[in-house]
Structure formats: C-alpha cells, structure tokens
Amino acid sequence: MSIALTGTSPWSLTYTDGTTPVTVTNTSTNPYTFLTGNLTNSGTSTAATTYTITALSDASSCTAISSNYAGSAVVTVNPVPTVNDPTDISACAGSNFVETTYTGAVSGTVYTWTNNNTSTGLAASGTGNIGEFAGTNATNAAIVSTVTVTPSYGSSPTCSGSPQTFTLTVNPKPVVLAQTATICTGSSFTVTPTNGGGYIIPVGGSGTHYTWSAPTAAGLTGMSTGSGVSSFSSGTLLNSTNAPITVVYTVTPTYDNSPVLCSGAAFTVTIIVNPTPDVTDPTDQVRCAGASSSVTFASPLNVSGTVYSWTNNNTSTGLAGSGTVNIASFTTANTTNAAIISTVTVTPSYVNAGLTCTGTAQTFTITVNPLPVVANQTISSLCSDVATGVN
10 MSIALTGTSP WSLTYTDGTT PVTVTNTSTN PYTFLTGNLT NSGTSTAATT YTITALSDAS
70 SCTAISSNYA GSAVVTVNPV PTVNDPTDIS ACAGSNFVET TYTGAVSGTV YTWTNNNTST
130 GLAASGTGNI GEFAGTNATN AAIVSTVTVT PSYGSSPTCS GSPQTFTLTV NPKPVVLAQT
190 ATICTGSSFT VTPTNGGGYI IPVGGSGTHY TWSAPTAAGL TGMSTGSGVS SFSSGTLLNS
250 TNAPITVVYT VTPTYDNSPV LCSGAAFTVT IIVNPTPDVT DPTDQVRCAG ASSSVTFASP
310 LNVSGTVYSW TNNNTSTGLA GSGTVNIASF TTANTTNAAI ISTVTVTPSY VNAGLTCTGT
370 AQTFTITVNP LPVVANQTIS SLCSDVATGV N
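Number 41 in the working numbering belongs to position 32 of the sequence shown; there are no gaps in the numbering.
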C-alpha cells in the first residue's frame, strides 16, 4: 500500500494498523510504500486490517495537519482454502458412482476438478461436487480416472489452495456368450472362455470366476455344481436311456478385483448327451461248406438309428471283408480239407447332432467245415467168389 507525499523530502511519518504505531524517519521515497512483504491469514475467514496515518512532517519541519492525511486504508486478506483428500472409489461398469462431496475448512470455497480419463464415463472437468454418474468400461481390464480437485476462494483476487488427487476405478463386467455342445454319455464338457470375439473376460485382481448349480434332467446323472472356479465343467454325464437328453446349465461369471466383485449377465450352457449304443454278442456259428449263413444284430438298449459296422478277417469262408447293418445271407465256402474260421468284429455306433458315439465291439466266429470228397475208383475183372476192396 502506497501514499503520495508532498512538501520537501525527506519526510517522517507515523502510521498504525490499529494496534502498534510505526514511525518512519528521513525517507525520500515518494510515493512511499509502507506495507510490504507477504500478508498471511491462517484463519478460516477473511481478515481485514485498517491502516491509518497518524503523523506526517517534511524536511522543513512542516507538520501536516490531520485533515491533510485524513482517511485510512482497509487491507483484506483472504484465507487459504483447503479441500479434504477424497477417498478413492471403485465400482463396476454400469453401476452408478455416488456423488463425491468435497469438504474444506473455509466456508464459501469453490471446488474445481479435472479428470484425465473420460472413458470411465466422467466428464473432463467441472465445478462443485461430482454428481452421481454411471461408470463405463468396455475393456477386459479396470480403467482409472485420476481426478484433481483444486479449492479456490474469493474474487479479485481469487486465492487457490493445494489440490488433492483421488482415483475412480471402473471394473469391467464379464460377458460370456451362450454355449452349446453335444457329447457322448460318460463324457464331460468344459468351458474356459477367453477374451475377444464378443467375450469380455476381465484380467487382473483375482480374475474371472464362474458359479452354477446342478440342473436336473430325467435319465441323466453326474451333473456338477461350481462356485468361484476358473472354468465351467459339466461333470461326467451319464445317459441311461436310449435317446438323446438335453440339459441346460445357467452360469454366472464374476470378476474379482477386491474389494469389488462385478458379476456379468448369466449365460447358458446347453449340452446334448447322446446315448451309447450296444450290440448283443452274436453266437458263434459252425457251417458246412456250401451252406447258407446270416447274422442279425440286436441291441439290448435298442438305440434307434444304431449302425452296426462289422469286419471279417478271413474272406475265404465266403463272407465279405466288411459291411454295415446285418450280415445278409451268404453261401459258405471251404476249398481245403480242414475247417477255416472267420473272426468277425461288430461295432455299434450312433450319430446325432454331428457327433458319432461308439459302443463296445463284440467278436464272434463263423467256422466253415469242408465237405468230404471220394475219388472215382476203377474196378478190374474179378473171379466169382473172390474177395476185393476199394481204397
């Protein structure tokens, strides 16, 4: 704060802030600045000080009358505003972040904030509290907004306090598409989803886990339950019937980024469990050469659509090397003088929903015995009553 002096320098003057008089002698500075340095206000409200000139004289020993230096100056010092450090917040994508309320010691403080990452769903900047907003995250990893809030107070001048920084973390929710599979009875189906192709499988923290309950389906056993595991497994499913059975699991994926758990929409795993066909062990056959033979295959389980594939290790019996379904009537053969044997292996199979399920093979034999052959004999002339023989 400065005053303009008149008269002959140097001057002497006395001023007071209302508490302590200050006398300055032999100063030639004009205008004279009698308030220098930084003023401080450690309080929480404005502080006003009134400065008054109480005496003034010049080098000629002329003393100014009070009306010549009448008046005073009021200096107002604003407090330095503060803001309490906000708590870091974590939430799930699609969930609402609650309003972030700023507090400080100085009433009337204005809070201005900036955000370095708008992909979380928060605007780039604002004034006042951060209102409720829905967090966004279309990635498979947590994304973070670093928010810097600066307190300010007053105008002309505006006094700013120290900024505080906090974070808003938006955790992703897992997305898994519905699954469909076909298996044979006695098998299991496992799903370990990976990120991409419409899937969002979050990483980081403790990762993504899956929870499901065991469904029920008549004629089917072995369904599993799962809780907090890294992949889905149906369990070993056993179909005790002669037809396919469909079972549907409902699985909930959850991303664990402690202390936040983010559950995605449940997805279904639909599994078709085919029956395994069987075949009765055919009876071994023994035939004479030239006889007819056939085999009709039977199934105790009677799975509709079963195909019987068979192979024969010895075609010299007159039976083909392989075939499907029943063995049609054929004429046995044996050109040797000893029995010959075909070992036949029959394998049942069943196809449904693009999957072939094969049952246990059975083996049987077809033995073909040779027919006896007698060569023509030449009989020489014989005398009456003479014994003879044919070899």
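Even for Gly, the Cβ is constructed at its ideal location relative to N, Cα and C.
All values derive from a computational prediction rather than experimental measurement.
Assigned secondary structure, residue i (DSSP; H/G/I helix, E/B strand, else coil)
| i | result |
| --- | --- |
| asparagine 93 | coil |
| serine 236 | strand |
| threonine 289 | coil |
| threonine 352 | strand |
| asparagine 322 | coil |
| asparagine 77 | helix |
| serine 51 | coil |
| serine 331 | strand |
| threonine 148 | coil |
| serine 128 | helix |
| leucine 310 | coil |
| aspartate 26 | coil |
| threonine 315 | coil |
| valine 107 | coil |
| alanine 1 | Nothing about residue 1 can be read from this structure; the chain reaches only from 10 to 400. |
Whole-angstrom C-beta distance between residue j and residue i, which should lie under 8 angstroms
| i | j | result |
| --- | --- | --- |
| alanine 187 | phenylalanine 276 | 5 angstroms |
| isoleucine 281 | threonine 191 | 4 angstroms |
| serine 303 | alanine 337 | 6 angstroms |
| threonine 194 | leucine 246 | 7 angstroms |
| threonine 430 | threonine 32 | The structure shown has nothing for residue 430, since the chain only spans 10 to 400. |
| glycine 228 | threonine 250 | 4 angstroms |
| glutamine 152 | asparagine 126 | According to the sequence as given, residue 152 is isoleucine; it is not glutamine. Isoleucine 152 to asparagine 126, Cβ: 7 angstroms. Contact. |
| tyrosine 41 | serine 70 | In fact, because the Cβ distance is near 18 angstroms, the residues do not count as touching under 8 angstroms. |
| threonine 333 | serine 313 | The Cβ separation is near 16 angstroms, so there is no contact. |
| valine 158 | tryptophan 122 | 4 angstroms |
| alanine 143 | glycine 103 | 6 angstroms |
| glycine 117 | tyrosine 60 | No, glycine 117 and tyrosine 60 are not in contact; Cβ-Cβ is about 25 angstroms, not under 8 angstroms. |
Alpha-carbon to alpha-carbon, residue j and residue i
| i | j | result |
| --- | --- | --- |
| threonine 176 | leucine 131 | 11 angstroms |
| isoleucine 210 | valine 238 | 14 angstroms |
| threonine 320 | glutamine 294 | 16 angstroms |
| cysteine 366 | proline 253 | 11 angstroms |
| isoleucine 350 | serine 308 | 25 angstroms |
| threonine 340 | proline 202 | 58 angstroms |
| serine 75 | alanine 64 | 8 angstroms |
| threonine 58 | threonine 109 | 37 angstroms |
| threonine 263 | threonine 234 | 16 angstroms |
| threonine 148 | proline 181 | 6 angstroms |
| asparagine 105 | valine 115 | 30 angstroms |
| valine 119 | glycine 140 | 15 angstroms |
| valine 83 | serine 164 | 17 angstroms |
| glycine 206 | methionine 232 | 28 angstroms |
| alanine 404 | proline 357 | A query on residue 404 cannot be resolved here, the shown segment of the chain reaching from 10 to 400 and no further. |
| threonine 174 | proline 19 | 54 angstroms |
| alanine 100 | alanine 223 | 30 angstroms |
| valine 257 | valine 377 | 53 angstroms |
| aspartate 265 | alanine 150 | 11 angstroms |
| asparagine 283 | valine 184 | 29 angstroms |
| leucine 310 | alanine 362 | 20 angstroms |
| aspartate 26 | valine 86 | 14 angstroms |
| valine 278 | proline 172 | 51 angstroms |
| tyrosine 359 | threonine 292 | 23 angstroms |
| serine 405 | tyrosine 219 | Outside the modelled stretch of the chain, which goes from 10 to 400, sits residue 405, for which no answer is possible. |
| serine 128 | serine 236 | 32 angstroms |
| threonine 38 | threonine 17 | 11 angstroms |
| serine 196 | asparagine 248 | 10 angstroms |
Continuous beta strand (DSSP E) stretch holding residue i: start and end
| i | result |
| --- | --- |
| alanine 436 | In the structure as shown, the chain starts at 10 and stops at 400, and residue 436 therefore has no counterpart that could be examined. |
| phenylalanine 276 | 276-283 |
| threonine 250 | Note, threonine 250: premise wrong, no beta strand (DSSP E); not H, not E. |
| alanine 8 | Residue 8 is absent from the model: the chain starts at 10 and stops at 400. |
| leucine 177 | 173-180 |
| serine 302 | 301-304 |
| phenylalanine 373 | 371-378 |
| tyrosine 111 | No beta strand (DSSP E) contains tyrosine 111, which DSSP labels as neither H nor E. |
| asparagine 35 | 30-36 |
| cysteine 71 | Taken as a continuous stretch (DSSP letters only), cysteine 71 belongs to no beta strand (DSSP E), as it is neither H nor E. |
| valine 269 | 269-272 |
| leucine 364 | 364-367 |
| tyrosine 219 | 216-221 |
| valine 295 | 294-297 |
| serine 134 | 134-136 |
| threonine 191 | 188-193 |
| glutamine 100 | Reading the sequence as shown, one finds alanine at residue 100 and not glutamine. Residues 98-101. |
Item to check | Cβ contact (3+ pairs, closer than 8 angstroms) linking the region 55-74 and the region 90-103 | outcome: no
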